[in-house]
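Trainee: My questions all concern the structure below.
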Amino acid sequence: MAPRYEPQYLRLMAICHGKSEQYMCEYIKSNLRLRMAVVGDKRGEKSIQITSLMRYLNNTIYANPNMFFSRYPVEKSRRRMIRNFKIFTIMDADDCPARQFQSYKDATMFKDHWLHDYIIPIYNIHNFENVLNKAKWNCPEKKKDYCKVFPINRGERDITQVKQFYAALSKVSAFSNLSVFIKSCMDEYNVFT
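Number 88 in the numbering used here belongs to position 78 of the sequence shown; there are no gaps in the numbering.
Here you go:
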């Protein structure tokens, strides 16, 4: 009897504000060897603001279940509900009115979107660079240098670096909840080890 094929479902997705957040997510993905989709507008070249996030979600592959399911291999129940899946929207809060930021932070912004149950808002006050500085993590002056701070790991898994990054971010929870995203990634890593 042939061995039974077990599908490899996507369990995590990160929708990134811009290039620096995308570098950070790819760094975590490569160090933990996760099945995670890391997406951004034009691969991070064009930033997604909190003010335009709903427009992005409603005008792309996330707009309806059929388009989404055709692109991403997620585990579904019989009622076309997704199981074991989280979408992290990693956004800067600097270009956003306070009221809109609050609706993003408490996730009421997504209440009418079909993916609302899976979206976990991650925020950086004022921006990602500010959070890195507060966490005393190396923060490059130029966006193109983020690939040096968050290099893609093509060798063995390296959870030590990710744990150090998580510890640094945990100390600045007043400015960001990015540690929630890192913790979910580490939890997913433990599923496979």
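Using N, Cα and C, we set each Cβ at its ideal position, and we do this for glycine too. Here the structure is a predicted model, which is why all the values come from computation and not from measurement.
Within 7 angstroms of any Cβ in chain D, is that where the Cβ of VAL190 sits?
Mentor: The structure shown contains no chain D, having only a single protein chain.
Trainee: Among LEU42, HIS27, GLU85, which has the Cα closest to the Cα of THR170?
Mentor: If we check each option's Cα against that of THR170, LEU42 comes out closest.
Trainee: What is the DSSP secondary structure of PHE95, counted as helix, strand or coil?
Mentor: Coil.
Trainee: Name the DSSP beta bridge partners of GLU85, please?
Mentor: DSSP lists ARG93 as partners of GLU85.
Trainee: Under the assumption that SER186 contacts TYR133 (Cβ atoms under 8 angstroms), give the Cβ distance between them as a whole number of angstroms.
Mentor: Contact flag correct, Cβ pair sits at about 6 angstroms.
Trainee: What whole-angstrom Cβ distance do ILE60 and PHE111 have, given they're in contact under 8 angstroms?
Mentor: Confirmed, about 6 angstroms.
Trainee: Using 10 angstroms around the beta-carbon of LYS173, count the other beta-carbons present and answer buried if the total reaches 16, otherwise exposed.
Mentor: Answer is exposed; the Cβ neighbour count stays below 16.
Trainee: Quick check on the DSSP output: the beta strand (DSSP E) that includes MET64 runs from which residue to which?
Mentor: Run containing MET64: none in the beta strand (DSSP E); it sits in the alpha helix (DSSP H), 63-68.
Trainee: Along the chain, which unbroken stretches of the alpha helix (DSSP H) at least 4 residues long are found entirely within the region 128-192?
Mentor: With a minimum length of 4 residues, the continuous alpha helix (DSSP H) runs that stay inside the region 128-192 are 138-144, 156-159, 169-180.
Trainee: Would you check whether the ligand ATP has a heavy atom nearer than 6 angstroms to the C-beta of ALA145?
Mentor: The model on display carries no ligand, and the ligand ATP is accordingly not part of it.
Trainee: Around the C-beta of GLN32, are 16 or more other C-beta atoms found within 10 angstroms, so that it is buried, or is it exposed?
Mentor: Buried.
Trainee: Just checking my contact of ILE97 with ILE25 at CB under 8 angstroms: how many whole Å lie between their CB atoms?
Mentor: About 7 angstroms separates the two Cβ atoms, so the contact holds.
Trainee: Which residue marks the beginning of the beta strand (DSSP E) containing MET23, and which one marks its end?
Mentor: 22-26 is the span of the beta strand (DSSP E), which, as asked, contains MET23.
Trainee: Need the endpoints of the beta strand (DSSP E) that ALA47 sits in, please.
Mentor: ALA47 -> beta strand (DSSP E) spans 46-49.
Trainee: Between ASP51 and TYR66, how many whole angstroms is the CB-CB distance? I'm expecting something under 8 angstroms.
Mentor: The pair is a contact, with the Cβ atoms about 6 angstroms apart (cut-off 8 angstroms).
Trainee: Would you call LYS153 buried or exposed, if buried means 16 or more other Cβ atoms sit within 10 Å of its Cβ?
Mentor: Label assigned to LYS153: exposed.
Trainee: Using DSSP bridges, identify the partner residues of ILE100.
Mentor: Bridge partners of ILE100: CYS26, ILE132.
Trainee: Just mark HIS27 as buried or exposed, buried being the case when its beta carbon has 16 or more other beta carbons within 10 Å.
Mentor: The residue is buried, with at least 16 neighbouring Cβ atoms inside 10 Å.
Trainee: In the DSSP assignment, find the unbroken alpha helix (DSSP H) run with ALA108 in it and report its ends.
Mentor: Segment 108-115, the alpha helix (DSSP H) holding ALA108.
Trainee: Quick one: grab the DSSP three-state call for SER194.
Mentor: Note: SER194 maps to helix in three-state DSSP.
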